[in-house]
Amino acid sequence: CIGWLAANGSPLSSRAVLVVLLLIFWQIPHFFLVMLNHKNDYFESVSPNMLKYLKEPALHRIFMPWIAALAATMITFTTVPSSLDVNGRYMILGNAVFLMLIFSYQLFFTKMPNYKLLFRLLNMSLFLFMMTVFCTLIN
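With my numbering, letter number 78 in the sequence shown gets 1463, and the count goes up by one each step, no holes.
Right, dumping it as structure tokens:
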């Protein structure tokens, strides 16, 4: 966003707001997945953390609205007037739907979710989104 403002972009433009929202909605699930990947360390820690107060199924229920908000922000990005072509819009839409489906399946339909897989998927999904936007905007 600093680069956006340095290039004389409006701080309240729809693109800038969506990028900020995207990073906010990505950050919470990212932290949750780090915590769940290292849950033994967090249980042994003397500092307070969510794993000491909530069981994993409760965390999963907290987790999904953040993933849904991230996916919705990605989808909303396709509706903003820009030079995104149709293929880029479909890639973003598919990315968001795939993210929701995999997270829903892993968190609610498996006994032991693969948090490392979800961590990689979350980060790769954001990377794919950013590369799709970047590549379609420079053409």
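Note that the Cβ used here is the ideal one computed from N, Cα and C, for glycine as well.
Endpoints, the alpha helix (DSSP H) within which residue i is located
| i | result |
| --- | --- |
| Asn1425 | 1424-1429 |
| Phe1528 | Not covered by the structure: residue 1528. The range shown for the chain is 1386 to 1524. |
| Leu1455 | 1441-1462 |
| Leu1436 | 1435-1438 |
C-beta atoms of residue i and residue j nearer than 8 angstroms
| i | j | result |
| --- | --- | --- |
| Leu1421 | Tyr1500 | yes |
| Pro1498 | Leu1455 | no |
| Leu1407 | Phe1448 | no |
| Leu1469 | Val1518 | yes |
| Thr1464 | Leu1478 | no |
| Leu1410 | Thr1461 | First, the amino acid is wrong: residue 1410 is Phe here, not Leu. No. Outside cutoff. |
| Asn1480 | Ser1510 | yes |
Residue i: CB within 7 angstroms of a non-hydrogen atom of the ligand MG
| i | result |
| --- | --- |
| Trp1411 | As for the ligand MG, it is missing from this structure, which has no ligand bound. |
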